[in-house]
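Here is the structure we will look at, set down as structure tokens.
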Amino acid sequence: MFNLKRPDGPEPEDFHLSRRGALAGAFFAGYAVAAFSADADPIHTDEVGLITAKVDLSSGIPAYVARPAGPGRHPAVLVVSEIFGVHEYIRDVCRRFAKLGYVAIAPAFFVRVGDPAPMPMTQMADIMKIVSAAADPQIIGDVDAAVKWLKAQRFVDASRMAVTGYCWGGRVTWLACEEFPDFKAGVAWYGQLEPVAGRPADESRLYPVKLAAQLKAPVLGLYAGKDPLSNGIPDMKAALAAAGKTGSDFVVYPDASHGFHADYRPTYNQADAKDGWSRLLAFFAANGVGPGKKA
């Protein structure tokens, strides 16, 4: 188990940002400027029949929540963002889940320092400074706070909780399923599994392949054939087999690139994104986190 005592971490002023601006930005950004494609036609999911809100987690960060407006206790999904934070793409994913009968929550992991979404590609170095400021113990603490928030809500069926994440959030999805027994399933979209070949390992970062023996819930990995992060799949399969961990699986889309689910990016691959989404829903259902209500 990780030590969930959160470090102090950096302050917004370390990056020439105000705390008010950092905390306010996360829920007003549109699509991430640094990755937006001029040809994109992003999916828009309306709020009809839903309740959406910003909530404050006990770890000190906000989160976006989308849920069905009707009565009953619903399964829940923790949605972990890319490096661009809780911008409109992530909020829309939450609404897609809510339309299906889930309570979806997306914590704003980066807002202690800033909001990466409005920043252009020319500021990618600054975006990565914001992202790297969210250390793994802090991230695990925020996931813990989101789990506690969900478990405290009368409209959540805490026996049916899952997690999914994209890119940066794909790695966090693996870590969450390695840390928290509350999750019954996870789906990681092109998340890093181990250090990328040819690049120095970040000694401060947790890599899922090294923690495979701790896996508490099966994970479906949805990866792109044209993505170097997919190179870690053989080692992860071997680590899971050595630990006797069953139920996890990988799907690699040979013609897809990193970010193929993100419908606002030039790497979007509609066919593979739709197939991956269908597989996600089937995987959740097969592991007891299917949509629907409980009285």
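In our numbering, the protein residues as written are 178 to 472.
For every residue, glycine included, the Cβ atom is placed at its ideal position computed from N, Cα and C.
Bear in mind the structure is a predicted one, so any value in this text is a computation, not a measurement.
Residue pairing by DSSP places Y241 opposite K231, A283 in a beta bridge.
Buried is the label assigned to Q369, since at least 16 other Cβ atoms lie within 10 Å of its Cβ.
The C-beta distance from L397 to V364 rounds to 5 Å, short enough to fall under 8 Å.
In this structure, V232 sits away from W351, with a CB-CB distance that is not shorter than 9 Å. Judged by DSSP in its simplified three-state form, V386 adopts helix. If you draw a straight line from the Cα of R376 to the Cα of N408, it is about 13 Å long. Shortest Cα-Cα distance from T229 to any of G262, S258, F213, K276 involves K276. Comparing alpha-carbon positions, the option among A312, S235, R268 lying closest to R382 turns out to be A312. One alpha carbon belongs to W345, the other to V308, and they sit about 9 Å apart. In this structure, DSSP gives S407 a helical state, which the three-state scheme calls helix.
For secondary structure counted as the beta strand (DSSP E) over 3 or more consecutive residues, the stretch 273–332 holds these complete runs in sequence order: 280–284.
Looking at the DSSP output, M338 bridges to A253. A straight-line Cα-Cα distance of about 14 Å links A448 and I220. Annotation for G363: no alpha helix (DSSP H) segment contains it, though the beta strand (DSSP E) segment containing it runs 362–366. For Y430, the secondary structure class from DSSP, reduced to helix, strand or coil, is strand.
Residue pairing by DSSP leaves A448 without any beta bridge partner. Beta bridge pairing from DSSP links V396 with G363. Counting only the Cα atoms, G237 lies some 20 Å from A243. For A246, the closest alpha carbon among the candidates R337, V254, V257, E224 is that of E224. With 16 or more other Cβ atoms inside 10 Å of its own Cβ, K361 counts as buried.
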